[in-house]
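Protein chains in written order, with our numbering: chain A, 1 to 285; chain B, 1 to 429; chain C, 1 to 284. Every residue, glycine too, gets a C-beta built ideally from N, C-alpha and C. Just so you know, these numbers come straight off a predicted model, no measurement behind them. Reviewing the structure listed below.
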Amino acid sequence: MTTGRSEVPLRRLPVAQRVSRALLPIYTALVVMYLFLPIAVMIAFSFNDPRGRQNITWQGFTMENYLDVWSRPDITGPMLSSLIVAFVATGVATALGTLIGLALTRYEFRGQGPLNLLIYVPMATPEVILGASLLAMWVTVGVQRGLETIIIAHVMFNISFVVVTVRARIAGFNRSLEEAAMDLGADEWTTFRKITFPLIFPGIMAAALLAFALSIDDYVITSFVAGQTVTFPLWVYGASRFGVPPEVNVLGTLIFVVAFGFIALQILWSRRGRGPATRPIEVES
Amino acid sequence: MLELSTRARGLAAIAVSLVVVTGCGIAGQSPSPAPTPAASPTPAATGTDTASSGPTATPTAAVTPTSEPTPVPTPAGQLDFANWPLYIDIDEESGGYPTLDQFTAESGINVNYVEAINDNEEFFGRIQPDLAAGHSTGWDIIVMTDWMIERMIRLGYLQELDHSMLGNFESNAQPYFANGWFDPGNVYSLPWQSGIVGIGYNPTLTGREITTFDDLLDPEFAGRVGMFSEMRDTMSLALLSIGVVPEEATIADVQAAQAKLLEAAQRGQFRAFYGNDYYDALAAGDVALTIAWSGDVSQMKLYDNPDVEFVVPETGGMLFVDNMAIPANAEHPIDAHMMMDFWYDLQSATTLTEYIGYFSPVNGVRDLVLQHAQEARDDGDSEWADALEVIAETSYPSADQLDNIYTYKILGEEEERQWNDLFNALISG
Amino acid sequence: MARRLRRLTPYLFLLPGGLWLFIFFVLPMLVMASVSLQEGSLGEGFRLTWNFGVYAEVINDWSPQFIRSVLYALIVTGLTLAIGFPIAYTIAFRGGRAKNILLLLVILPFFTAFIIRTLAWKLILADNGFVLGAAKDMGLLAPNFQVLATPLAVVSGLTYNFLPFMILPLYVALEKIDPHLVEAATDLYASRTQAFLRVTLPLAMPGVFAGSLLVFIPTVGDFINAAILGSRDTTMIGNIIQRLFLNTNAYPEASALGFVLMAAVLVLVAIYARAVGARELTVG
C-alpha cells in the first residue's frame, strides 16, 4: 500500500502546514516515550541492589540480579508456566477465533444472532465471574486444577478478542479480488491460500499478539483456576504486598527483550519479501 | 443481536432447566460435621492409634522424631507446603531455603514449598471448593491464622494430628502458644509463628510518639493513616478502643466501632485499607502511622527504614498465632507430620526466628539467638550481633505486651456475615 | 458432495470455537446463575431458594461503586481514543516503511505483565519518588500533594494499561483504508479536514467501535488498578465482587452482582452499537 503522502516537498508548504505536518510525528514520539516510561523504570530497577525487601528506592547498581534470578526457582518456575500457557493458548485461540471470524463475516447461516451473543458476552463478563464460574464447574466435575485448566480458561476468554480483531479486518474486505481469482480458474482452497489468507494475515497476527499479551498478563481468571500452579502475574501480585524483589524486574526485562527480538525478526522476515502485508499482491501462476 | 429467534428461545428454556438441575447447591456442598476423623492419614491405619481425639495423654517426651512407633508409617517422600511470603528463611545468594534443604537431607522428603498464601480468606476461598467436595486441595501443609483455623475446624476441613509423630512439639513447645483458644489441645494445628497486631509509625513523620488507637483517628494525620483490610484485625482494635473486649463484643458494639471508623473514613482520614502492602506504604513514608504486625516492623527497622517503631495501643492490641495444619484429604499426611515436627527442633526454630523476627512458639529460641549474637560479636560482626539481639528481644512478647493483648472472637456464620457486611460498607467508598 | 460441504463450511468453522465457548463459558455461567439464587453460607451450605431479591439487594448496596466504575470506564475510553487515534493514524498513513516498526514500538511495552507496569507506575507516582519528589524539592508542588490513592492515579493507570486495546483495532481499521479515497476527496475540492471527517473517520468506525468495546468492558470490571493505585474512595465494582467472592465468601451476592454488571455492560454496548450503526459494522 502506498502512503498517503502528497507529492509537495515539505519546504514548499506554508509554515502552518509544516508545523501541523510535524505535529503528528512529535506527538507519536511523546506518546511512545510515555508508553515506555514504566518499562524504563522496570529495567532500571532490575539493576538495583536493595538491602531489604523493598525495591522502590535506588540503592546501588549491580548486575548480580541477572545471575541470581536463575537460581530462584520460585520466580523462574512461574515465568515458565506463564510462557507455556501464553503460547499454547494463543495458538489455539487464534485458530479457533479466526475460523469463527471467517464464518461470521463471509457466510450466511442460521443462528448468527445467538452466535454473536456467544462471542460478545464473554467479553462483557467480569473476569471474576469467568474465573469463579469455571472453578465451580471444575470442582463439580472433579477435575484437578493446574496448567491445563489455566490454558483452557485462557483460550476461552481469548477467542472473543480474536474474533473481534479479525472481523475488523475482514469486514469490508474486497471480495472482488477473490472473485477475480476464481474467475481465473483458482478453486476455493487455492483462492483462500493465495489471496484471502495473506490479505487477512495482518489481522490474524494482530489478534494473536493481543491474545498473547492478554494471556501473559492475566491475573484474575488465572487465580481462580490455577490450583497449585503459580503463574508469573500471580506470583508478582502476591509478592507485591510484601515487596517485589529485583529479580522480578529482571524477568520482566528479559521477556521484553525476547518479545522485542521476536517481533523484530518477524518484521525483518516480512521485509525480505516473504511477508504479504508490505507488498502489492502478486498473483502467482 | 438481541432479537430472540424461536431457536434461541428454545435454548433459553434448556438453560433454565439446567439452572434448576444444578441448583443442588454446587458451590456450597454442606460438609457433614465430621468427615475428618474418618479421613485421617490412611497409612496410619497400619497400627498407630489415631482414632482418639485430643493429644496423647501419656508423656511422649521420650519419643524423639527419629524413632518411630512400630509398625513404621512410611512417608511418601513428597510434600506440598503452602505458606505466606517471606515467612521462612531464604538464602539470598542461592534463592534456596536452607532449613528445607536440611529437612530433605535428613528425611529424604522432597518439599514443594510455595508462597501461595497472601490472605487468609482469599486462600480459603480458593481451597474451599475442594474441601467441600471432599477432594485433596493439593496441599499437605497450610499456614493459617488462628481464627481461620478455628473456622476450618468447625467446618471439618482439617485433619486430626497424630501426636505420636510429633515428639519435638511435645517436648519443645512454649506453653503460652500451644493449646490456643482456637484449637485446644492442638488437635489439628501446631503454631508456626506469632505476633501482635498493633500500630507501626514513623516518629519523624508523625512528629510525636504514638501511644493508642485514637491517634490513628487524629485529624492532624489526615490522609496519612493506614488501616487493615483484614476485617478481624481492624474491627478488634476498634472495639478495644471503645472499651469493648473483642471476645465479648455484641453486634451493637461492632456497629458502634464501625460508626466511629466510618466517620473518620468519610472525612478522608485513611489513605487506604491495606493488606500486606501496608509494609511498602510505611517503609516509603506514604503513611505516617498504620495498623501493623510486630514482626514486620522489626524487619523494617533492620532492613528498610530504621526510623519506624512498633507500639501496642494503650487500649489493647491483638495477639495472632499463625499455625500449620493439614487440610482434609491431604495426599501426604505422614510427610506433613514429619515436617511439622521438624520446626519444633530447636535449631530449625532458631534459624527461622532469626530470619523472620516474629514470636517463636519453641522453647529456648531466645537463649540460642543470644548465644549466636555473642558468637557474632566475638567474630567481629557487630552489625549482625546487634540485629540478633533485637531479634532475641522480639522473639517472645514482653511482660508489658502480654498484659495488654487480646484474642479474636469466635464468629459463627451468621455473626461473621454481620461483621463482614458492616466492614465492607466501611472500606468501600 | 462439494455443494453439501460448501453449505456445511460455516458450521464446521464455527464448531470448534463455538463448542469451546459453550462448554467453558456458557455452562459455568449457568452454574453461577444458579448460585446467585441460592442462600446460605459456607458452613451451613447453600440451597437453591430462587431468591431473586438478591439482585435488588446488591444493586441497592453497591450502586455508588457501579456508577463510579462506569464513569471511570467512560473517561478511560475517551482518553484512550483521544490519545490512541492520532497514533494509529500516524502509523497507518504516515508510517511508510517504518509502519511495522512503529507498531512494534507501540505494543512492545505491553508484553510485560501489566502488574509489573502498574507497580512501576506506583513507583513513578510515589509521593516522594523521583518525579513528585523532585518537583516538590523545586517548590513546584505542595509538600502534601499526592497522586497515588486518588482517582487521577486510577484513571491514569487504567488509561495506560488499556491503550493498546484501542490502538490495535484502530490501526487495523485505518490501515486498510485506501488512501486513494482521500486523494479523490481532495481532488474534489474537499479540504484536508473535510476529507478526514467525511472519508477517513467514517471508514475508521469499525476500529473505533471495536477499540471502545475492548477498552470499556474490561475497564469497568477492573480492580487491580484501583487496588494498587487507589484508595477507599476509588473502590470499583470489580473490587467489591472480588472481595465478596474471595474474602467474604458471599457467593450468591457476588454472583448476582456479577450478573448485574454483565447486564449493565450489555445494555450500554447495545445502545452504543445502535448509535454507531453497528449492524453494518459487524455483519460481514
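Quick check: residue i and residue j, are their CB atoms within less than 8 Å of each other?
{"i": "Tyr251/C", "j": "Leu174/C", "result": "no"}
{"i": "Gly238/A", "j": "Glu115/B", "result": "yes"}
{"i": "Gly211/C", "j": "Leu81/C", "result": "yes"}
{"i": "Phe259/C", "j": "Val215/C", "result": "no"}
{"i": "Gly142/A", "j": "Ile170/A", "result": "no"}
{"i": "Val197/B", "j": "Asp233/B", "result": "yes"}
{"i": "Glu413/B", "j": "Asn247/C", "result": "no"}
{"i": "Ile151/A", "j": "Val85/A", "result": "yes"}
{"i": "Pro307/A", "j": "Ser71/A", "result": "Nothing can be reported for residue 307/A: it is not among the residues displayed for chain A, which extend from 1 to 285."}
{"i": "Arg198/C", "j": "Phe270/B", "result": "no"}
{"i": "Leu261/C", "j": "Ile237/C", "result": "yes"}
{"i": "Val31/C", "j": "Ser133/A", "result": "yes"}
{"i": "Pro361/B", "j": "Gln128/B", "result": "no"}
{"i": "Val155/C", "j": "Ile217/C", "result": "no"}
{"i": "Asn202/B", "j": "Leu282/B", "result": "yes"}
{"i": "Gln228/A", "j": "Asp80/B", "result": "yes"}
Taking DSSP's pairing of strands, which residues face residue i in a bridge?
{"i": "Arg47/C", "result": "Glu39/C"}
{"i": "Asn323/B", "result": "Met144/B and Pro191/B"}
{"i": "Met227/B", "result": "Phe273/B"}
{"i": "Val311/B", "result": "Ile199/B"}
{"i": "Ala173/B", "result": "Val362/B"}
{"i": "Trp293/B", "result": "Val197/B"}
{"i": "Leu158/B", "result": "Pro327/B"}
{"i": "Gly317/B", "result": "Ile405/B"}
{"i": "Val155/C", "result": "Note: Val155/C sits in no beta bridge, so no partner."}
Taking CB distances under 8 Å as the criterion, tell me whether residue i reaches chain C.
{"i": "Asp119/B", "result": "yes"}
{"i": "Glu413/B", "result": "yes"}
{"i": "Glu263/B", "result": "no"}
{"i": "Ile436/B", "result": "In the structure as shown, chain B starts at 1 and stops at 429, and residue 436/B therefore has no counterpart that could be examined."}
{"i": "Thr94/A", "result": "no"}
{"i": "Pro38/A", "result": "yes"}
{"i": "Pro126/A", "result": "yes"}
Is there a C-beta anywhere in chain A that falls below 8 Å from the one on residue i?
{"i": "Pro64/C", "result": "no"}
{"i": "Asp280/B", "result": "yes"}
{"i": "Glu115/B", "result": "yes"}
{"i": "Lys136/C", "result": "no"}
{"i": "Ala272/B", "result": "no"}
{"i": "Gly221/C", "result": "yes"}
{"i": "Thr46/B", "result": "Its pLDDT being 32, under 50, Thr46/B is placed unreliably in this model, and the value from its coordinates should be taken loosely. Thr46/B does not count as touching chain A."}
{"i": "Met236/C", "result": "no"}
{"i": "Val76/C", "result": "no"}
{"i": "Asp214/B", "result": "no"}
{"i": "His135/B", "result": "yes"}
Taking only beta-carbon atoms, is residue i less than 8 Å away from chain B?
{"i": "Gly131/A", "result": "no"}
{"i": "Asp127/C", "result": "yes"}
{"i": "Ser46/A", "result": "no"}
{"i": "Val19/A", "result": "no"}
{"i": "Arg169/A", "result": "no"}
Any heavy atom of the ligand NAD closer than 7 Å to the Cβ of residue i?
{"i": "Ala206/A", "result": "Among the ligands in the structure shown, none appear at all, so the ligand NAD cannot be discussed."}
Notebook entry, point to check: Enumerated in chain order, which unbroken segments of the beta strand (DSSP E) with a length of 3 residues or greater are wholly contained in the stretch 74–109 of chain B?
Noted result: Here the runs fully enclosed are 78–82.
Next item on the list: Could you please tell me which residues of the stretch 135–153 of chain A, in chain order, have their CB closer than 9 Å to any CB of chain B?
Entry: Leu135, Ala136, Met137, Trp138, Val139, Thr140, Gly142, Gln144, Arg145 and Gly146
Check: Which runs of the alpha helix (DSSP H), 4 residues or longer, sit entirely within the stretch 217–269 of chain C?
Finding: 224–229 and 237–242
Note to self: Please give me, in chain order, every unbroken run of the alpha helix (DSSP H) with length at least 4 that falls completely inside the stretch 137–178 of chain A.
What the structure shows: 147–170
Check: At which residue ranges does the stretch 230–287 of chain B contain complete alpha helix (DSSP H) runs of 4 or more residues, listed in the order of the chain?
Finding: 231–241, 251–266 and 278–284
Checklist line | Residues from the stretch 205–219 of chain A in contact with chain C, defined by Cβ distance under 7 Å | finding: Ala206, Leu209, Leu210, Ala213, Ile216, Asp217 and Tyr219
Check: Can you list, in chain order, the residues of the stretch 241–255 of chain C whose Cβ is nearer than 7 Å to any Cβ on chain B?
Finding: Arg243, Phe245, Leu246, Asn247, Thr248, Asn249 and Tyr251
Item checked: Members of the stretch 93–117 of chain C that neighbour chain A once the beta carbon cut-off is set at 8 Å -> If the cut-off is 8 Å between Cβ atoms, the stretch 93–117 of chain C has Phe93, Arg94, Gly95, Gly96, Arg97, Lys99, Asn100, Ile101, Leu102, Leu104, Leu105, Val106, Ile107, Leu108, Pro109, Phe110, Phe111, Thr112, Ala113, Phe114, Ile115, Ile116 and Arg117 near chain A.
Note to self: In chain order, what are the residue ranges of uninterrupted alpha helix (DSSP H) at least 4 long that sit wholly in the stretch 93–143 of chain C?
What the structure shows: 99–107, 114–124 and 132–137
Checklist line | beta strand (DSSP E) runs contained entirely in the stretch 94–139 of chain A, provided each spans 3 or more residues | finding: none
Item checked: Where the stretch 219–248 of chain A meets chain C: residues whose CB sits under 8 Å from a CB there -> Correct list: Tyr219, Val220, Phe232, Pro233, Val236, Tyr237, Ser240, Val244 and Val248.
Margin query: For the stretch 183–204 of chain B, list every residue whose C-beta sits within 9 Å of some C-beta in chain A, in sequence order.
Written below: none
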